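Following: one structure in structure tokens, then a few remarks.
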Amino acid sequence: MADGHTDRARDQMECQELFARLSEYVDGELSQELCECIRQHLADCAPCVNFAATLKTTAELCRRLPSRPIPPEVAAELRAYLSSHRTPSERD
Amino acid sequence: MPDEHALIAASQAGDAGALDELVRTYQGRVYGFIMRMCRNVEDAKDMLQETFLAMLRSIREFRSDSRFTTWLYRIAANACLKKRRRGTHDPLPEQELSLDVLMPRPDAEGRRPEIPDWSSDAEQVLLKGELSEQMDAAIDKLPREYKIVLVLRDVEGFSAEETAGMLKLSVPVVKSRLHRARVFVWNELTGYFDEKSAKKSRTHSAE
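First to last, the sequence lines map onto chains H and E. Residues in the first sequence are numbered from 0 upward in steps of one, following numbering that gives the first Met the number 0. Residues in the second sequence are numbered from 0 upward in steps of one, following numbering that gives the first Met the number 0.
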């Protein structure tokens, strides 16, 4: 991080700073140094441990949301629509 | 699934059967994405048709150095962002989500906020199907610019780079919107689990 955040984080990462970076942390997108700062903070802060766990779960739950199947009539209408918009040569 | 590369190449060469097959292959997934964005079957139908007509007309412009799904979703995402919702007014399409408002904060005495860990309860509730409704309702409350980032990243599984490319945003903007959107949904879910556990303890104390 070139924004000076690391220096401050190295001294002492506060809950609010951790909150701001938590998605990047759970997505594995932070530098090792910043991850270490976060781990140090988490070792001593139960609310942040819970926040990290539940934010990660939030992202995982999104991934597991059931997708809505396309109704057969919507698929049929799509086919008819595309067919009516094709030029004669495209319909072959 | 048939060989996607062959199908695309045949479609680009003007093979109508291959184009139909390409539409059939992706129509379900794209419909699911569009429905999650607009939650209205009639709107979804329009956007689906617009998306696949644009695909049909520009398939020759697709270059195989990018993923076909990413290219197709870019068209679908544009259709979603362009379209106004039918019959409902789009709540807060441009509203900024502020982390200062969404984040848990220390109390007046500076004590750390209470944050319950509901992650293990989530599995149980998910199995009952109840949680999906809560999630959908929470995602639906997001301003559109945040919602589309969360749906592309967390629901559809695209990377930050792919999402940025689709929406013509920078990667830091995608990450920032994703974080705000996740914290928003997290807030809603935390409220839901709080309410659930309060109900449970009321039932227990009444027994």
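Just so it is clear, CB atoms sit at the ideal spot from N, CA and C, and this is done for glycine as well. Since the structure is predicted, the reported quantities are computational estimates derived from the model, not experimental observations.
If the five residues before and after A43 (chain E) are omitted, its C-beta is found closer than 7 Å to the C-beta atoms of Y30, I33, M34 and C37, all from its own chain and listed in chain order.
Burial is judged here by how many other beta carbons sit within 10 angstroms of a residue's own beta carbon; H4 (chain E) has fewer than 16 and is exposed. Contact annotation: S30 (chain H) and H178 (chain E) have beta-carbon atoms that are not nearer than 8 Å. Interface with chain H (8 Å Cβ-Cβ cutoff): V148 (chain E) is excluded.
Listed in chain order, the alpha helix (DSSP H) elements of length 4 or more contained wholly in the stretch 19–67 of chain H are 31–41 and 45–62.
A contact is defined here as three or more CB-CB pairs under 8 Å, and the stretch 137–147 of chain E meets this definition with respect to the stretch 184–201 of chain E.
Contact between V25 (chain H) and A58 (chain H) holds: CB atoms are separated by about 7 Å, below the 8 Å threshold. Within 10 angstroms of the beta-carbon of A17 (chain E) lie 16 or more other beta-carbons, which makes it buried. Between E16 (chain H) and D106 (chain E), the alpha-carbon positions lie close to 17 Å from each other. Secondary structure note for E41 (chain E): its alpha helix (DSSP H) is the uninterrupted segment V40 to S57. Between S10 (chain E) and E60 (chain E), the alpha-carbon positions lie close to 11 Å from each other. Pairing R152 (chain E) with A163 (chain E) gives a Cβ-Cβ distance that is not under 8 Å. Comparing alpha carbon positions, the residue from E:R176, E:E155, E:D2 and E:R23 closest to E144 (chain E) is E:R176. Per the coordinates, the alpha-carbon of L21 (chain E) lies some 11 Å from the alpha-carbon of G27 (chain E). Around G156 (chain E), the same chain offers no residue with a beta carbon nearer than 7 Å, after the five sequence neighbours per side are excluded. Those residues of the stretch 65–89 of chain H placed with their C-beta closer than 8 Å to a C-beta in chain E are P65, S66, R67, P68, I69, P70, V73, A74, E76, L77, R78, Y80, L81, H84, R85, S88 and E89, ordered along the chain. Annotation: Cβ neighbours of D116 (chain E) in chain H (cutoff 7 Å, chain order): N49, A52 and T53.
For G156 (chain E), there is no enclosing alpha helix (DSSP H), as DSSP marks it with neither H nor E. DSSP places R85 (chain H) outside both helix and strand once states are collapsed to three, so it counts as coil. In the same chain as M165 (chain E), and ignoring 5 residues on each side of it, the C-beta atoms closer than 6 Å to its own belong to Y72, R73 and A76, in chain order.
Interface flag for G164 (chain E) against chain H is unset, since no Cβ pair is found closer than 8 Å. Two segments are said to touch when three or more pairs of C-beta atoms, one from each, lie closer than 8 Å; by this definition the stretch 50–68 of chain E touches the stretch 75–85 of chain H. Listed by position along chain E, the residues whose Cβ is nearer than 8 Å to that of A58 (chain H) are D153 and R181. Taking the Cα positions, S169 (chain E) is about 15 Å away from L149 (chain E). Looking from the CA of A52 (chain H), the closest CA among E:E194, E:R201 and E:V182 belongs to E:V182. Among the residues of chain E, those whose CB is under 7 Å from the CB of E23 (chain H) are K174, following chain order. Under a criterion of Cβ atoms nearer than 9 Å, the residues of chain H adjacent to Y30 (chain E) are, in order, S66, R67, P68, I69, P70, V73, A74 and L77. Pairing M134 (chain E) with L60 (chain H) gives a Cβ-Cβ distance under 8 Å. In the three-state reduction of the DSSP assignment, A107 (chain E) falls in the coil class, being assigned neither a helical nor a strand state. Residues of the stretch 43–58 of chain E with a Cβ closer than 8 Å to any Cβ of chain H, in chain order: A43, K44, L47, Q48, F51, L52 and L55.
Looking at E:M46, E:V154 and E:Q94, the one whose alpha-carbon comes closest to that of L80 (chain E) is E:M46. By the neighbour-count definition (other C-beta atoms within 10 Å, threshold 16), T56 (chain H) is a buried residue.
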